[in-house]
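To keep things clear, I will list the structure first and then write my remarks on it.
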Amino acid sequence: GAVVSQHPSWVICKSGTSVKIECRSLDFQATTMFWYRQFPKQSLMLMATSNEGSKATYEQGVEKDKFLINHASLTLSTLTVTSAHPEDSSFYICSARRDRGKVSPLHFGNGTRLTVT
Amino acid sequence: AQSVTQLGSHVSVSEGALVLLRCNYSSSVPPYLFWYVQYPNQGLQLLLKYTSAATLVKGINGFEAEFKKSETSFHLTKPSAHMSDAAEYFCAVTLSGGYQKVTFGTGTKLQVIP
């Protein structure tokens, strides 16, 4: 149980275009999902907390107009990288907690490798 | 605020040898601690978690970790390394008392030498 599916697993796009990444909780409802960015050989950096039915909470230094997050349902959150540039190339990972209100582990998607050319 | 420090960005062990990956935490309140494993180009998979019950926690794939409050440590061990254990390991901390953010360490890449 507690499966999180992320799609696509990799994407290559041209500079200036937008890319949408989907994160789905397959067997549980996730009122909150988290989006991380991971640079090569580095740890995960929390970008934002995605809240179902409300605005995402962005971490300091993350441009909310560039990284658009939508959490339209209890099982789906999307991250759109708008007007992508080569410096946005990275590994993006989503995660979700199965149990709200308790400290339960995060369940992660398999990540999306974004390459902007 | 909370943080974790992983000592050693790279650890090499021989197949069959003891695996020891170090993690020290800093927390103003009792923490909850986790170890995750990441294989190349994949997300993170939970190995084990400490949530204030038993201090010695057993996880998947033969891994275990011991919470030592006096040392503020949560080191990950496995008695005998297997080639399939080669991966990156992340220690993570969150605060007890409800819904909190998770903070990750910088990771330790484990190499297993045949």
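Going line by line, the protein sequences match chains A and B.
Numbering follows my numbering, with no gaps: position 21 of the first sequence is 21.
Numbering follows my numbering, with no gaps: position 101 of the second sequence is 1101.
Cβ atoms here follow ideal geometry from the backbone N, Cα and C, with glycine treated the same way.
In this text the structure is predicted, and so the values were computed from the model without any measurement.
Against chain A, does residue i count as a neighbour if the rule is that its beta carbon must be under 9 Å from one of theirs?
i	result
B/Q1002	no
B/L1046	yes
B/N1041	yes
B/V1011	no
B/T1106	yes
B/F1067	no
Just tell me which of the options has its CA closest to the CA of residue i.
i	options	result
B/S1028	B/S1003, B/F1034 and B/T1077	B/S1003
B/F1074	B/Q1042, B/V1112, B/L1047 and B/S1080	B/L1047
B/Y1025	B/L1007, B/L1110 and B/E1088	B/L1007
A/A96	A/L76, A/E59, A/G53 and A/Y58	A/L76
A/K20	A/G109, A/S90, A/L79 and A/I12	A/L79
B/W1035	B/L1056, B/A1086, B/V1013 and B/L1076	B/L1076
Span of the beta strand (DSSP E) holding residue i?
i	result
B/K1058	L1056 to K1058
A/M45	L44 to N51
B/T1005	Q1002 to L1007
A/M33	T32 to Q38
A/D11	In the sequence as displayed, the identity of residue 11 of chain A is Val instead of Asp. Residues W10 to C13.
A/H85	Note, A/H85: premise wrong, no beta strand (DSSP E); not H, not E.
B/E1015	Premise fails: B/E1015 is in no beta strand (DSSP E) and is neither H nor E.
Kindly indicate if chain B contains any beta-carbon less than 9 Å away from that of residue i.
i	result
A/S50	no
A/K41	yes
A/N70	no
Please determine if the stretch 16-29 of chain A and the stretch 83-101 of chain A are in contact, where contact requires at least 3 C-beta pairs separated by less than 8 Å.
yes
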